[in-house]
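J.: In the numbering used here, the protein residues as written are 448 to 625.
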């Protein structure tokens, strides 16, 4: 049985709409830190200093990742602003490109797991709602499950949040239970 990556969960029609990632795009997506930066800047423009603080990383390390994402088209610089000490700071915002490209699973699978584990490791006790189960399915059942899950994920991804909306991270994995 082949491993399942994040694209498997999107309906075939959605996956077909995504174009193959360029080498630079695939390389940019191959880092858990960079995937976290894309997520953090999805709805809010953040400076390198702000990203470094949220990720508990050195600003120089974070800047390397920000530049790689910007060069690949995943982040775009916003209007510069003045920081607390008057220094010029450039906030970055996610372009949403990661929703429109597909990178090979072997390139991004480990990065997605790294990002997930880092984010879960930062949660307060009780903030993680998780379920684990094993089900017996036929090949047709498995495809139906993937399709229905893909449809549900796509439906919620495209919804516009209300004024009281909360960002919710979702990580789903399926694998053979041996």
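Heads up, the beta-carbon is just placed ideally off N, CA and C, and yes, glycines get one too.
Run through the DSSP bridge pairs and tell me what residue 538 is partnered with.
T.: Stepping through the chain shown from its first residue, residue 538 is reached at position 91. Note: residue 538 sits in a beta bridge opposite 494.
J.: What number of angstroms, rounded off, separates the C-alpha of residue 590 from the C-alpha of residue 597?
T.: Numbered from its first residue, the chain shown carries residue 590 at position 143. Numbered from its first residue, the chain shown carries residue 597 at position 150. Cα to Cα, residue 590 sits roughly 10 Å from residue 597.
J.: Taking the continuous beta strand (DSSP E) assigned at residue 488, which residues delimit it?
T.: Along the chain shown, one-based indexing puts residue 488 at 41. From DSSP, residue 488 is part of no beta strand (DSSP E); its letter is neither H nor E.
J.: May I ask you to report which of helix, strand or coil DSSP gives residue 619?
T.: Reading the chain shown from its first residue, position 172 is the one you call residue 619. In this structure, residue 619 counts as coil in the three-state DSSP scheme.
J.: Out of curiosity, what's the CA-to-CA distance linking residue 571 and residue 577?
T.: Taking the first residue of the chain shown as position 1, residue 571 is located at position 124. Taking the first residue of the chain shown as position 1, residue 577 is located at position 130. Near 14 Å, if we compare the C-alpha coordinates of residue 577 and residue 571.
J.: In this structure, does DSSP put residue 477 in helix, strand or coil?
T.: Stepping through the chain shown from its first residue, residue 477 is reached at position 30. Looking at residue 477 - three-state DSSP - the assignment turns out to be coil, as it is neither helix nor strand.
J.: May I ask which residues mark the beginning and end of the alpha helix (DSSP H) holding residue 523?
T.: Along the chain shown, one-based indexing puts residue 523 at 76. Where residue 523 is concerned, there is no enclosing alpha helix (DSSP H), although the beta strand (DSSP E) it sits in stretches over 522-524.
J.: Looking at the secondary structure, which residues open and close the alpha helix (DSSP H) in which residue 578 lies?
T.: Numbered from 1 along the chain shown, position 131 holds the residue referred to as residue 578. Note, residue 578: premise wrong, no alpha helix (DSSP H); not H, not E.
J.: Per DSSP, residue 467 is paired with what?
T.: Taking the chain shown and counting its residues from 1, the one referred to as residue 467 is at position 20. Note: residue 467 sits in a beta bridge opposite 549.
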